[in-house]
Structures are given as structure tokens and as C-alpha cells.
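Please read the structure below before turning to the comments.
There are 2 protein chains.
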Amino acid sequence: MSLADKLNFDAKGLIPALICAEDNTPLTLCYMNRQAIGKTLQTGKVHVFRRSRGRVMLKGETSGHTQEVKEIYLDCENNSLLIKVHQKVAACHLGYFSCYFRRYNPETDTLEITEPRIFDPDEVYGPNH
Amino acid sequence: MSLADKLNFDAKGLIPALICAEDNTPLTLCYMNRQAIGKTLQTGKVHVFRRSRGRVMLKGETSGHTQEVKEIYLDCENNSLLIKVHQKVAACHLGYFSCYFRRYNPETDTLEITEPRIFDPDEVYGPNH
């Protein structure tokens, strides 16, 4: 038995995982398969199944902005995970601490940026990322 | 234009939405389609596409435990939403404030309940729910 044995994966073998900071700040939503969960437990760092690349990757593999696992929770139906992490630098590849840095304003139908940018993606990923 | 026009829905016309309390406590992960987003904006209360029933429902329709929308955020790739809400009573149909009330203990491979139960599901949904 292991954590993965308790979970309901979807038809593609994936389960969504909410990643939050230790103070509950929502950082990102990622997808994990059995292998990603195994590597996350083994290393203590979040590993995700990157759907665009079709493979398991260490979150922060390129940037060094890794996520150290603090706590793992299951939802009431075993359909998703909540992982609380210590986030190095920032979670978002656009340079913000959280991927949820744009708030929707329904009155104007516009998006408002609610966080300062912490790093320059060109410097971290190179100009052609 | 509207919020839904800014989003990437999956092949089934759905997008995942993290629902958090005003203090960022993660409550649940739900799925929305265009109609659910429209009704959520129109009423100010979270509506979800309940996959098990194949239709849009007011979250808390049966229990009365509705979620009043405070803020809506988009992730950096328009693939998910974060909705901050004022939660009436509790979000979880098992009687807990959050659906993430079970923490995984990797040393013992067991789940530990981390919250008090707020209501009795039998009383709210009836004994045969």
C-alpha cells in the first residue's frame, strides 16, 4: 500500500493537486501520476506530470524554484490532493509567487495584477523560453 | 466578452476551480462549464458542473451551505480558476469545513483527521443520502 493506492486517478492516470504555501496561499494546480507521487514522496520535493511534455518532472527543474513538501492532504472523495509546500523564490514561470496573480474584475471584464513580479523570466529561463 | 471567453476549457468543456475561504483555507476543487461560470457571476454564488449528475448545480443546493463569491483569479495559463468565497457552515458533504480534512502520514501510510466535524450529514442530507 502507498498513497497512490488510496487515490482515484482519471482515465489518463492523472490526479489534480492543489499546491499551497505553508500559510495556505494558493500557488498552482498541477497533475500527478503514480510515478510523480512516488518521486514526490521519495525526494520530499513536488514532482508533476507535465502534460505538455508527456513526462514526470521535478517542479522547478529548470528554474531551481523547487517546492519542499510539508504536508499532504486528500479530499473527501480521494479525487484530488492538497500539498502544502515551502516554495523557493516563486511558483509561477512568469515571475510571480503564485500562478493566481490576476484577479477578474466583473464590472470592467478585465484582469488586474495583484502581486509584484519577483523575478524576470528571461533571466531565469533564457530569452527564448 | 466575458470571463468564460478568457479560459481554456478541456475537451469536455470543463475547467477546474479551486475554492478557498477568504483567509485562503483550501475548501474543495470543483469543475465548471460555461453555464456554471455564467450562473456564478450572475448570482454571486458558486455553481458547479457536477460530473456525477451531468448538470450545473448551485453548490450547497441541498444542504444550504452555499459559497458567496468574494474574488475570482485566473492562473497564468487560463487553465484553472481560484475562487475565494465566504463559506456558509461547511464545504464538505461529510460534515467538515474543508474537503481536505485528512492528512497523509507517510511514515505509517495512514490518514489522520485534522478538523472537527461541524455537522452530521445524516441530519442535513437524510439517512439515505
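Going down the list, the protein sequences come from chains A and B. For the first sequence, position 99 (counting from the first letter as 1) is numbered 98 according to numbering that gives the first Met the number 0, and the numbering increases by one without interruption. For the second sequence, position 83 (counting from the first letter as 1) is numbered 82 according to numbering that gives the first Met the number 0, and the numbering increases by one without interruption. Where a beta carbon is used, it is the ideal one built from N, C-alpha and C, also for glycine. Values in this document were obtained by computation on a predicted structure and should not be read as measured data.
- Task: Could you tell me which of A:Ser51, A:Asn78, A:Ser79 and A:Ala90 sits nearest to A:Thr65, measuring between CA atoms?
- Result: Here residue 65 of chain A refers to the residue found at position 66 when the first sequence is read from its first residue. Comparing Cα positions, the closest option is A:Ala90.
- Message: Per DSSP, what are the beta-bridge partners of A:Arg101 in this structure?
- Response: As a position in the first sequence, residue 101 of chain A is number 102, starting the count at 1. According to DSSP, A:Arg101 bridges with A:Ile112 and B:Leu73.
- Message: Any beta carbon from chain E within less than 8 angstroms of A:Ile71's own beta carbon?
- Response: In the structure shown, chain E does not exist; the protein chains are A and B.
- Task: Please confirm if A:Leu40 has its CB atom under 8 angstroms from at least one CB of chain B.
- Result: Translated into the one-based positions of the first sequence, residue 40 of chain A becomes position 41. Yes, A:Leu40 lies at the interface with chain B (some Cβ there is under 8 angstroms from its Cβ).
- Message: Check whether chain A comes within 8 angstroms of B:Tyr124, counting only Cβ atoms and requiring the distance to be less than that.
- Response: What you label residue 124 of chain B is simply residue 125 of the second sequence in a count that begins at 1. Chain A, which has no Cβ nearer than 8 angstroms to the Cβ of B:Tyr124, makes this no.
- Task: Taking a Cβ distance cut-off of 8 angstroms, strictly less, list which residues of the segment 19 to 30 of chain A are near chain B, in chain order.
- Result: Cys19, Asp22, Asn23, Thr24, Pro25, Thr27 and Leu28
- Task: List the residues that DSSP assigns as beta-bridge partners of B:Leu28.
- Result: Mapped onto the second sequence, residue 28 of chain B falls at position 29. Bridge partners of B:Leu28: B:Leu17.
- Query: Can you tell me whether A:Gln41 is buried or exposed, with buried defined as 16 or more other CB within 10 angstroms of its CB?
  - Reply: Taking the first sequence and counting its residues from 1, the one referred to as residue 41 of chain A is at position 42. With fewer than 16 Cβ atoms within 10 Å of its Cβ, A:Gln41 is classed as exposed.
- Item | Of the listed residues B:Tyr103, B:Leu93, B:Phe8 and B:Asn32, nearest to B:Val55 (C-alpha basis) | The residue given as residue 55 of chain B occupies position 56 in the second sequence. B:Val55 has its Cα closest to that of B:Asn32, out of B:Tyr103, B:Leu93, B:Phe8 and B:Asn32.
- Query: In chain B, which residues lie less than 8 angstroms from A:Leu93 when you measure between Cβ atoms?
  - Reply: In the first sequence, residue 93 of chain A corresponds to position 94, counting from 1. Going along chain B in sequence order, the residues near A:Leu93 (Cβ under 8 angstroms) are Cys75.
- Going by DSSP, name the residue or residues bridged to B:Val123. Position 124 of the second sequence, counting from 1, holds the residue named residue 123 of chain B. B:Val123 is not bridged to any residue.
- Query: Which parts of the segment 30 to 60 of chain B are runs of the beta strand (DSSP E), unbroken and 3 residues or longer, counting only runs that do not cross its ends?
  - Reply: 46 to 49 and 54 to 57
- Message: Just verifying my parser: in three-state terms, what is the DSSP assignment at B:Leu93?
- Response: On the second sequence, residue 93 of chain B is found 94 positions in, with the first residue counted as 1. The answer is coil: DSSP assigns B:Leu93 none of H, G, I, E or B.
- Taking A:Leu81 as the query, report the chain B residues whose CB atoms sit under 7 angstroms from its CB, ordered along the chain. For the purposes of this step, residue 81 of chain A is taken as the residue at position 82 of the first sequence. The answer, in chain order, is Pro25 and Tyr99.
- Query: Which term fits B:Thr61, buried or exposed, when burial requires 16 or more other beta carbons within 10 angstroms of its beta carbon?
  - Reply: To locate residue 61 of chain B, count along the second sequence from 1; it is residue 62. Exposed, because fewer than 16 other Cβ atoms sit within 10 Å of the Cβ of B:Thr61.
- Message: From the DSSP secondary-structure annotation, give me the bridge partner or partners of B:Asn5.
- Response: On the second sequence, residue 5 of chain B is found 6 positions in, with the first residue counted as 1. The amino acid occupying residue 5 of chain B in the given sequence is Lys; Asn does not appear at that position. Paired residue(s): none; B:Lys5 is not in a bridge.
- Query: If you pair each beta-carbon of the segment 76 to 90 of chain B with each one of the segment 17 to 25 of chain B, do three or more pairs fall below 8 angstroms?
  - Reply: yes
- Is the CB of B:Leu17 under 8 angstroms away from at least one CB in chain A? Reading the second sequence from its first residue, position 18 is the one you call residue 17 of chain B. At least one chain A Cβ lies under 8 angstroms of B:Leu17.
- Task: Taking the CB atoms as reference points, tell me whether B:Val47 and B:Tyr30 lie closer together than 8 angstroms.
- Result: Position 48 of the second sequence, counting from 1, holds the residue named residue 47 of chain B. Position 31 of the second sequence, counting from 1, holds the residue named residue 30 of chain B. Contact: yes.
- Message: I need the straight-line Cα distance from B:Asn77 to A:Arg50, nearest angstrom please.
- Response: In the second sequence, residue 77 of chain B corresponds to position 78, counting from 1. In the first sequence, residue 50 of chain A corresponds to position 51, counting from 1. So the alpha carbons of these two residues sit roughly 15 angstroms apart.
- Item | Partner residues on chain A for B:Pro105, Cβ-Cβ distance less than 8 angstroms | Working through the second sequence from its first residue, we reach residue 105 of chain B at position 106. What B:Pro105 touches in chain A: Leu2, Leu40 and Ile71.
- Per DSSP, B:Val84 forms a beta bridge with which residues? Reading the second sequence from its first residue, position 85 is the one you call residue 84 of chain B. In the DSSP output, where bridge partners are listed per residue, B:Val84 has B:Ala20 and B:Val68.
- Message: Can you give me the C-alpha to C-alpha distance between A:Glu67 and B:Gly94, rounded to a whole angstrom?
- Response: On the first sequence, residue 67 of chain A is found 68 positions in, with the first residue counted as 1. On the second sequence, residue 94 of chain B is found 95 positions in, with the first residue counted as 1. Cα to Cα, A:Glu67 sits roughly 31 angstroms from B:Gly94.
- Item | B:Arg33: contacting residues in chain A (beta-carbon distance under 9 angstroms) | Position 34 of the second sequence, counting from 1, holds the residue named residue 33 of chain B. Correct list: empty, because the minimum Cβ distance to chain A is about 15 angstroms.
- Query: Smallest Cα separation from B:Cys75: which of A:Pro126, A:Leu26 and A:Leu73?
  - Reply: Taking the first residue of the second sequence as 1, we reach residue 75 of chain B at position 76. Checked all of A:Pro126, A:Leu26 and A:Leu73; the closest Cα to B:Cys75 is A:Leu26.
- Task: Have a look at A:Asn104 and B:Glu106 and give me their C-alpha separation to the nearest angstrom.
- Result: The residue you call residue 104 of chain A lines up with position 105 of the first sequence. The residue you call residue 106 of chain B lines up with position 107 of the second sequence. Roughly 45 angstroms separates the two Cα atoms.
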